[in-house]
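**Q** Residue numbers (my numbering): 145 to 279. Ideal Cβ placement from N, Cα and C applies to all residues, glycine included.
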Amino acid sequence: MKYPIAIEPGSETTAFGVAVPDLPGCFSAGDTLDEAIENSKEAIALWIETVLDDGGTIPEPKSLSDHANNPDYSGWIWAVVEVDSTLLDDTSERVNISMPKRILSRIDRYASARGETRSRFLVNAAMDKIMHAGA
């Protein structure tokens, strides 16, 4: 997936600022133009993950030409960055994991008592751990 980014030129004393017009509130920066572009990819990925984790939807990116004439970005540099499309992929994938049988039994009892499947429990537990770790 490709997103147009607008880059506010930097100087000897200021960083290059980056805005992602299709993703409201998604900003980044870098000391060099290359760094600003690279950092924007991480900002986009984090923005998408946060919105999806909160149950939101991700807007489709518009074309660069749709944004180029926006007066808010007059004098800015335009670029397009590619972001891993698996960030938006909610299809299920079968995985093979190993764990002690006693733990698996506890997971199954816990999930069953709450009307969940083992898979749903493991997904929720993993997301809970990720969200609380700030990763």
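What do you get for Val-227, buried or exposed, if any count of 16 or more other CB atoms within 10 angstroms of its CB means buried?
**A** Here Val-227 is buried, its C-beta having at least 16 other C-beta atoms within 10 Å.
**Q** Please state if the CB of Leu-232 and the CB of Ile-192 are separated by a distance shorter than 8 Å.
**A** yes
**Q** Kindly identify the DSSP beta-bridge partner or partners of Ile-181.
**A** Ile-181 is not bridged to any residue.
**Q** Identify every run of the beta strand (DSSP E) within the region 146-196, keeping only runs that are complete inside it and at least 3 residues long; order them along the chain.
**A** Here the runs fully enclosed are 146-152, 160-163 and 171-174.
**Q** Who are the near neighbours of Leu-177 in its chain, counting only those whose CB is closer than 6 Å to its CB and skipping five residues on each side?
**A** Phe-160
**Q** Is the region 157-172 in contact with the region 193-208, if contact means three or more CB pairs nearer than 8 Å?
**A** yes
**Q** Considering only residues of the same chain and omitting the five flanking positions on each side of His-211, which have a CB-CB separation below 6 Å?
**A** Answer for His-211: Pro-148 and Pro-165, listed in chain order.
**Q** Going by the CB atoms, is the gap between Ile-221 and Ile-151 shorter than 8 Å?
**A** Yes, they are a contact pair.
**Q** To the nearest angstrom, how far is the alpha carbon of Met-271 from that of Leu-196?
**A** 12 Å
**Q** Please report the residue range of the alpha helix (DSSP H) in which Val-267 lies.
**A** 262-277 is the span of the alpha helix (DSSP H), which, as asked, contains Val-267.
**Q** Does DSSP classify Ile-221 as helix, strand or coil?
**A** Reduced to three states, the DSSP call for Ile-221 is strand.
**Q** With a threshold of 16 other CB atoms inside 10 Å of the CB of Asn-183, please say whether the residue is buried or exposed.
**A** Asn-183 comes out buried.
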